[in-house]
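Protein chains in written order, with my numbering: chain A, 5 to 383; chain B, 64 to 333.
The C-beta atom is built at its ideal place from N, Cα and C for all residues, glycine as well.
Spelled out as structure tokens, the structure:
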């Protein structure tokens with residue numbers, strides 16, 4: 005990734021009293037697959053519409069290759085959008101839908117036909133070129149919308165919740181197709197979604213948004229393994245989050261777990277293949293702002309006799325609920341310390357044998373984890 | 064005994080009798096009117112044989128033809144203006160948010176529910192103040208045309224709005240995203256979507272104007288008689304088959320327009 009294709013600087017958009025996007029700065033690179041992720045109302049769609057030109061910013065700038073495009077209407081931007089409803093023109097067949105943008109641009113007929121054929125082939129709609137919207141399935145409509153936008157050869161393709169209208173099976177297939185398509189055409193994709201699985205599986209980078217702000221911009225792996233704050237940790241995947249008080253260097257008092265070690269969340273030390281071992285990625289000194297420790301459910305294990313080692317923590321717990329999902333079993337447990345009240349934990353245990361035993365509700369179990377899998381979080 | 068399905072009721076004799084009566088009451092007067100327009104008799108009571116001479120007579124009646132020409136002129140002009148105003152109002156209310164939008168929405172359909180007689184009196188008072196009396200044709204029809212537009216364009220707006228309610232707002236945005244200007248998006252994408260409702264609205268405006276009596280009666284001057292007003296004045300002397308013939312022509316035009324309008328409104332999308 006070289007120089008940014010789009011530079012967004014201090015961008016804000018307010019509707020009346022509500023700030024939909026507030027002071028967002030973001031670089032989007034050429035040929036990148038960026039996902040804007042967040043709960044509904046977090047401003048991700050507004051941000052997309054600002055890039056597309058469907059909203060005018062209240063403040064801030066959007067530079068495309070150095071040129072400020074914030075004031076340009078959508079038809080003057082080298083940016084195209086795939087709408088949530090796909091917005092396939094119902095009175096035109098597939099071919100005319102795809103040709104519309106070129107016709108508006110005055111592309112000469114033979115060249116236009118050639119490019120439409122190319123786009124049809126790209127999304128494998130060659131055989132359906134004469135069909136109308138109501139004769140197409142949801143997935144086919146989406147491909148029409150994709151082809152219609154891509155035929156204009158935009159610098160950036162914006163996709164607003166592109167998969168939300170599809171059923172679960174098709175959605176998974178289309179996730180892969182979108183990534184493949186992006187590699188084929190080599191265009192920057194910016195996708196808005198509220199579905200974190202979708203975001204993690206497709207994106208090169210994810211911007212997690214909350215109340216108009218970007219809370220973390222990172223690779224899917226860093227976002228999952230090294231969230232910078234409680235919101236991101238909680239929103240992306242499942243997370244056990246427990247209130248904690250720093251006691252000594254890298255040690256925290258946690259109600260129900262006693263004094264344990266944890267590494268700083270959002271650490272730079274996450275590397276391919278896993279979290280760097282040892283003290284790397286561990287912020288020295290007591291971080292006074294730390295108020296939570298957190299661990300992913302699948303990083304908690306159950307065993308009658310946990311392994312021993314400096315970095316192993318364990319505790320006893322009572323099983324409160326058992327949910328069997330086939331591939332894994334999710335246990336809700338409460339730790340059973342001596343004096344203080346117990347801490348609630350969710351544990352995801354893989355069923356990697358057909359005979360993997362499942363604890364029963366009420367059973368006493370031993371839970372263990374590695375200290376470097378426990379991270380600290382600020383609010 | 065088996066349960067009676069809803070459709071089975073149509074097979075009951077009493078249901079059939081009721082339906083027959085219903086249609087007789089509804090259409091007997093019109094059928095009679097049309098039938099007696101072909102009656103070879105000066106007085107309208109007894110059937111004396113088939114003839115079309117009263118149609119010829121009606122055609123030769125200059126004042127009747129003049130009234131008919133006036134009616135058609137008024138209907139066509141007010142239809143065109145009503146469509147322009149109605150479509151603009153409907154698109155405006157659908158597309159934009161502005162202060163008092165809901166008030167505007169309500170005020171728009173007011174002329175539909177206000178009693179016609181009140182509209183008629185209001186128009187009379189309004190035009191009496193300033194409308195010149197001795198204008199040349201077709202300007203002499205101007206006040207009637209304006210009066211007709213005021214009560215026909217809300218119908219166009221309401222019909223077009225109904226259609227717009229089911230139009231995906233993202234369609235126009237998608238067109239603009241693909242490079243179209245606002246006007247191009249409206250012409251290429253929005254208008255084709257609402258075209259059937261625009262035509263239906265136009266035809267309804269046309270028929271409403273063509274057969275309007277109450278409001279026209281109050282606004283028409285001696286030189287701007289329309290067909291319904293003319294028929295009314297002819298009936299005052301005697302109901303001749305000529306009146307029947309003129310009325311039949313009006314009925315045929317109105318029904319034809321109404322049928323086309325209904326068909327277009329029910330036309331499938333696509």
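Using the Cα positions of residue 133 of chain A and residue 94 of chain A, report the straight-line distance between them to the nearest angstrom.
Looking at the two C-alpha atoms, the distance is approximately 14 Å.
The segment 218-248 of chain B: which residues have C-beta closer than 8 Å to a C-beta of chain A, in chain order?
Answer set for the segment 218-248 of chain B: 231, 233, 234, 236, 237, 238, 239, 240, 241, 242, 243, 244, 247.
For residue 186 of chain B and residue 153 of chain B, which I take to be in contact (beta-carbon distance under 8 Å), what is that distance rounded to the nearest angstrom?
No, residue 186 of chain B and residue 153 of chain B are not in contact; Cβ-Cβ is about 24 Å, not under 8 Å.
Where does residue 213 of chain A sit, in a helix, a strand or coil, going by DSSP?
Strand at residue 213 of chain A.
Since residue 85 of chain A is in the beta strand (DSSP E), which residue starts that stretch and which ends it?
Segment 83-86, the beta strand (DSSP E) holding residue 85 of chain A.
What does DSSP give as the partner residue(s) for residue 22 of chain A in the beta ladder?
Residue 22 of chain A is bridged to A:19.
What does a CB cutoff of less than 7 Å around residue 275 of chain A pick up in its chain, not counting 5 residues either side in sequence?
Because residue 275 of chain A sits at a pLDDT of 38, beneath the cut-off of 50, its placement in the model cannot be relied upon, and the point is left open.
Would residue 252 of chain B count as contacting chain A if we go by Cβ distances under 9 Å?
With 9 Å as the cut-off, residue 252 of chain B counts as an interface residue toward chain A.
Reducing DSSP to helix, strand and coil, say where residue 261 of chain B ends up.
Residue state, collapsed to three classes: helix.
Just how far apart, CA to CA, sit residue 81 of chain A and residue 158 of chain A?
Cα to Cα, residue 81 of chain A sits roughly 9 Å from residue 158 of chain A.
In chain order, which continuous runs of the alpha helix (DSSP H) of length 4 or greater are located wholly inside the segment 219-299 of chain B?
Counting whole runs of 4 or more residues, the segment 219-299 of chain B contains the alpha helix (DSSP H) stretches 233-240, 245-248, 254-273, 277-282.
Identify which residue in A:257, A:321, A:27 has its Cα closest to the Cα of residue 307 of chain A.
The shortest Cα separation from residue 307 of chain A among A:257, A:321, A:27 belongs to A:321.
With 9 Å set as the bound, which would you pick, yes or no: does the beta-carbon of residue 162 of chain B sit closer than that to a beta-carbon of chain A?
No, because no Cβ of chain A sits closer than 9 Å to the Cβ of residue 162 of chain B.
Just the Cα atoms here: how many angstroms apart are residue 250 of chain B and residue 99 of chain A?
Distance between the alpha carbons of residue 250 of chain B and residue 99 of chain A is about 19 Å.
Does the segment 316-336 of chain A touch the segment 354-364 of chain A, meaning 3 or more C-beta pairs lie closer than 8 Å?
In short, these stretches touch, since the Cβ pair count reaches three.
Let's test the definition: count the other Cβ atoms within 10 Å of the Cβ of residue 43 of chain A and tell me whether it reaches 16, buried, or not, exposed.
Looking at its Cβ environment, which holds fewer than 16 other Cβ atoms inside 10 Å, residue 43 of chain A is exposed.
What residues in the segment 106-118 of chain A bring their beta carbon closer than 8 Å to a beta carbon of chain B?
Listed in sequence order: 108, 109.
Indicate whether residue 265 of chain B and residue 145 of chain B have their beta-carbon atoms separated by less than 9 Å.
Contact flag set, yes.
Do you know how far the Cα of residue 381 of chain A is from the Cα of residue 233 of chain A?
The straight-line gap from Cα to Cα measures roughly 5 Å.
Please report the distance separating the alpha-carbon of residue 235 of chain A from that of residue 69 of chain B.
Each residue's Cα considered, the two are about 59 Å apart.
On the criterion of 16 or more Cβ atoms from any shown chain inside 10 Å, does residue 83 of chain B qualify as buried, or is it exposed?
It is exposed - the Cβ of residue 83 of chain B has fewer than 16 other Cβ atoms within 10 Å.
Closest to residue 261 of chain A by C-alpha separation, out of A:189, A:338, A:229, would be which residue?
With distances taken between Cα atoms, residue 261 of chain A lies closest to A:338.
Applying a beta-carbon distance threshold of less than 8 Å, which residues of chain A neighbour residue 256 of chain B?
Going along chain A in sequence order, the residues near residue 256 of chain B (Cβ under 8 Å) are 94, 95.
Starting from the Cα of residue 182 of chain B, find the closest Cα among B:282, B:147, B:101 and give me that residue.
Closest option to residue 182 of chain B, Cα to Cα, is B:282.
What residues in its chain sit with their C-beta under 6 Å from that of residue 269 of chain B, if we drop five residues either side in the sequence?
These residues qualify, in order along the chain: 138, 142, 320.
Among B:231, B:299, B:173, B:312, which one has its Cα closest to the Cα of residue 91 of chain A?
Checking every option, the nearest Cα to that of residue 91 of chain A belongs to B:231.
Between A:39, A:50, A:9, which lies nearest to residue 18 of chain A when the distance is taken from Cα to Cα?
With distances taken between Cα atoms, residue 18 of chain A lies closest to A:50.
Using DSSP with H/G/I as helix, E/B as strand and the rest coil, what is residue 318 of chain A?
If DSSP states are grouped into helix, strand and coil, residue 318 of chain A belongs with the strands.
Taking a contact to mean a Cβ-Cβ separation below 9 Å, would you say residue 36 of chain A touches residue 209 of chain A in this structure?
Taking 9 Å as the Cβ cut-off, residue 36 of chain A and residue 209 of chain A qualify as a contacting pair.
Sort A:237, A:361, A:205, A:61 by Cα distance to residue 213 of chain A and report the nearest one.
Out of A:237, A:361, A:205, A:61, A:237 has the C-alpha closest to the C-alpha of residue 213 of chain A.
Can the beta-carbon of residue 11 of chain A be found less than 9 Å from the beta-carbon of residue 74 of chain A?
The answer is no: Cβ separation not under 9 Å.
DSSP state of residue 87 of chain B, grouped into three classes?
Three-state DSSP puts residue 87 of chain B in a helix.
Given this structure, state the Cα-to-Cα distance separating residue 328 of chain B from residue 188 of chain B, to the nearest angstrom.
Using only the alpha carbons, I get a separation of about 37 Å.
Using only the alpha-carbon positions, how far apart do residue 153 of chain A and residue 79 of chain A sit?
Roughly 12 Å separates the two Cα atoms.
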